[in-house]
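Working notes, structure below.
Residue numbers (full-length UniProt numbering): 1 to 384.
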């Protein structure tokens with residue numbers, strides 16, 4: 001039967017009212033932070049009442065077509081804001097050298113103090129647990145210890161913050177980084193002879209010692225001031241992520257080809273936001289991520305790849321550090337003086353070229369053993 005003009009008018013008014021209702025409810029839900037799933041469900045329900053213009057339902061298991069230009073939102077957004085690319089303004093009188101990372105800092109004659117005098121904003125300490133449960137500072141078991149983690153780093157940082165109103169570098173907003181790498185130690189044959197029964201028992205014994213070292217480090221750094229962030233590098237136990245104190249986080253090694261691990265990459269289907277929030281640094285090897293052909297030079301294509309890598313890490317809320325790059329002479333012992341170096345990595349200007357490539361890409365932490373040289377280079381933005 002043909003409907004009357006009156007009925008058509010009432011239908012139009014009703015339709016307009018419902019459209020306005022949809023717009024109002026949808027807007028309220030979106031601005032209140034309710035997920036898009038709820039909004040879409042409301043729209044679909046009202047649409048079915050109207051009986052017209054309803055979108056075709058998506059088949060079970062199928063994913064909606066993504067918007068190619070849309071930024072990650074909701075559960076796919078990084079747990080921290082994207083990191084802007086660092087900029088550099090020459091300032092020879094700066095109280096700190098932004099980005100200066102003291103690699104193997106405990107090898108300096110006065111660990112931590114040398115780094116702080118040169119304005120480092122990050123220091124690295126390798127630790128090994130001894131039979132008494134103390135964390136000794138050294139890279140190899142045969143080396144003499146440079147002291148313990150607690151006496152060389154934790155207590156001096158607590159005292160410095162107390163003297164500076166809670167800050168390590170007064171006036172600097174970002175926290176100071178204490179990067180700890182747990183080194184493997186061999187089980188004591190006298191106290192744990194069963195550890196050497198097989199490769200598997202030896203592996204498990206080393207894992208136990210590593211877990212003990214990690215737990216000891218957690219205990220000894222718990223009273224650090226809020227201006228110090230502890231970052232565990234290699235050697236953490238497999239079940240540590242997500243169970244650490246609030247002042248502790250981790251770095252991540254790259255995936256194959258020096259790429260961002262899928263669990264930490266918001267653009268990857270495997271992205272896990274809850275897992276990703278535990279990581280703050282992407283820690284890559286120079287020869288894998290920058291000088292890929294090993295010729296001690298950075299080609300335009302290598303620079304492009306490095307730029308893209310850093311940008312992707314920054315978009316995921318991760319700072320970037322590269323280790324193993326050209327850095328001039330190395331020490332003869334720990335601690336000790338630098339010995340003569342004749343390899344290509346020690347060629348005049350090679351270290352500065354590597355630093356410049358990193359500055360161009362926006363690498364956040366400049367990894368070096370030569371604190372004064374790197375400090376001056378950073379403060380001049382590589383112009384001197």
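Where a beta carbon is used, it is the ideal one built from N, C-alpha and C, also for glycine.
{"Query": "Sequence-distant residues of its chain with Cβ nearer than 6 Å to residue 315 (five each side left out)", "Result": "82"}
{"Query": "Residue 310, DSSP secondary structure in three states", "Result": "helix"}
{"Query": "Distance, residue 235 Cα to residue 65 Cα", "Result": "Residue confidence for residue 65 is low, a pLDDT of 36 falling below 50, so the modelled location carries little weight; the figure read from the coordinates is stated next. Cα to Cα, the separation comes out at about 41 Å."}
{"Query": "At least 3 beta-carbon pairs within less than 8 Å: the segment 116-127 vs the segment 89-106", "Result": "yes"}
{"Query": "Contact between the segment 244-261 and the segment 191-203 (3+ Cβ pairs under 8 Å)", "Result": "no"}
{"Query": "contact_flag[the segment 307-322, the segment 260-268] where n(CB pairs < 8 Å) is 3 or more", "Result": "yes"}
{"Query": "Same chain only: Cβ atoms within 8 Å of residue 160, ignoring 5 sequence neighbours per side", "Result": "116, 168"}
{"Query": "Where residue 221 falls, given that 16 or more other Cβ within 10 Å makes a residue buried", "Result": "buried"}
{"Query": "DSSP-derived helix/strand/coil call for residue 381", "Result": "coil"}
{"Query": "Selection from 163, 185, 158 that minimises the alpha carbon distance to residue 143", "Result": "185"}
{"Query": "Buried versus exposed, by CB contacts within 10 Å (16 or more), residue 274", "Result": "exposed"}
{"Query": "Within 7 Å, strictly: CB atoms of residue 266 and residue 80", "Result": "no"}
{"Query": "At least 3 beta-carbon pairs within less than 8 Å: the segment 285-292 vs the segment 322-332", "Result": "yes"}
{"Query": "Straight-line Cα distance separating residue 321 from residue 264", "Result": "16 Å"}
{"Query": "Given 8 Å, three or more beta-carbon pairs between the segment 128-147 and the segment 202-216", "Result": "yes"}
{"Query": "Which residues DSSP lists as bridging residue 136, in chain order", "Result": "128, 148"}
{"Query": "For residue 321: DSSP bridge partner residues", "Result": "283, 365"}
{"Query": "Beta-ladder partner(s) of residue 229, from DSSP", "Result": "177"}
{"Query": "Residue closest to residue 227, alpha-carbon to alpha-carbon, out of 154, 188, 200, 252", "Result": "154"}
{"Query": "Alpha-carbon spacing of residue 216 relative to residue 149, whole angstroms", "Result": "10 Å"}
{"Query": "Of the listed residues 204, 297, 114, 171, nearest to residue 385 (C-alpha basis)", "Result": "In the structure as shown, the chain starts at 1 and stops at 384, and residue 385 therefore has no counterpart that could be examined."}
{"Query": "For residue 252, the first and last residue of its enclosing beta strand (DSSP E)", "Result": "248-252"}
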